[in-house]
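One structure below.
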Amino acid sequence: MENGHNLSKSLVVENIPLACSNELAAVEFLEKQRWGNTPACVKCGSVDVYKMKDAKTGERNRRYLWRCKDCKEQYTVRIGTVYEESRIELRHWCYAFWRACTSKKGVSALELKRQCQISYKSALFLMNRIRFAMAPDPTSPKLSGDVECDETYIGPRRPRYKGTSKHGRGTSKTPVFVAVERNGQLRRRVIADVTAQTLKGAIREEVDRRARIITDEHHSYNGLEKEFAGGHETVSHGTYEFVRRDVHTNTAESTHALVKRGIVGIYHNVSREYLHRYLWQFDFMWNTRKMNDGERTVLAMKAAEGKRLMYKQPNGIQ
Ligand SMILES: [Zn+2]
139 MENGHNLSKS LVVENIPLAC SNELAAVEFL EKQRWGNTPA CVKCGSVDVY
189 KMKDAKTGER NRRYLWRCKD CKEQYTVRIG TVYEESRIEL RHWCYAFWRA
239 CTSKKGVSAL ELKRQCQISY KSALFLMNRI RFAMAPDPTS PKLSGDVECD
289 ETYIGPRRPR YKGTSKHGRG TSKTPVFVAV ERNGQLRRRV IADVTAQTLK
339 GAIREEVDRR ARIITDEHHS YNGLEKEFAG GHETVSHGTY EFVRRDVHTN
389 TAESTHALVK RGIVGIYHNV SREYLHRYLW QFDFMWNTRK MNDGERTVLA
439 MKAAEGKRLM YKQPNGIQ
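First residue of the sequence shown? That's 139 in this note's numbering, and the numbers climb one at a time after it.
Right under this line is the structure:
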């Protein structure tokens, strides 16, 4: 396993763009990622396997089949993976992962539709799977050290339809909470409201009790110093006191700004219902900002495998 992983890491930067351009290259790229130099049968695990050839041309079988000499099983690299769930060509998967992981603002389903010449439905399917792969891992450790916490509102500025009730669809922005370590990782989530109960609940779930919490003067944050060993510092935005020593929430605010610009620029208005998926994508990019493009793409591909069986779509696509 370990060898296969290192191998895929070292090969990835040169091979991903190629894998996006033709199906054979994509198949071989994913085979290398999955099996390294020792391809194995997906049914019995035997390594006595071979690539099937087309009888007429002697080229590789058109469906890229493998065959196991031990159990006689025929299979492809898609079997038992996230790629098995659709008939979308593997080069499009590679392209979508590559674009989503290398562009700061991500890629929209419409762009994928045009660039890959696939249906909008297929493009949405790809992007939903990729965003899900980018979702935070619930088993990862809580944030620690100096942690800035901040809330903001994301969404359309004005009511979309005049004359509808002010609680109607599209009339209000969606509250979003972020906790971010200085020079480290962040966690962001859509929240129901900005009450003390909600905001403190989010902080307790995301931040280690030994941390130092830094927030603005929003009253909902009052009392956190009793719960966090590092204390609770507040910065007052109302009195031009934006930066006192190291007490500021500039990191949290700049990550919010990045998301807002990205969502307006690429995705226009994202509805409240789907906002969390776009946050996964932006936050994944932030949390992997020190990796190179190839490492980040491979990480997302592996995460897609890990989360494959957790994915549930109650209403079909979207
Ligand atoms: Zn077998």
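Note that the Cβ used here is the ideal one computed from N, Cα and C, for glycine as well.
Query: Sequence-distant residues of the same chain with beta carbon closer than 7 Å to T336, five excluded per side; Result: I329 and A330
Query: With 16 other Cβ atoms within 10 Å as the buried cut-off, status of V187; Result: buried
Query: Cα-Cα separation between V385 and N175, rounded to whole angstroms; Result: 51 Å
Query: Endpoints, the beta strand (DSSP E) within which A317 is located; Result: T312 to E319
Query: C-alpha gap between V318 and R427, whole angstroms; Result: 14 Å
Query: Whole-Å CB distance - L228 paired with V165, under 8 Å assumed; Result: 6 Å
Query: Continuous alpha helix (DSSP H) stretch holding L396: start and end; Result: N388 to G403
Query: Proximity winner among S184, N199, C182 and G183, relative to M190 (alpha-carbon distances); Result: N199
Query: T393 classed as buried or exposed, judged by whether at least 16 other C-beta atoms fall within 10 angstroms; Result: buried
Query: Cβ shell of R347 (< 8 Å), same chain only, five flanking positions each side left out; Result: E365, F366 and A367
Query: Spatial distance of I154 from D354 (CA atoms); Result: 43 Å
Query: Those residues which DSSP pairs with V111 across a bridge; Result: Because the chain spans 139 through 456 in this model, residue 111 falls outside it and cannot be assessed.
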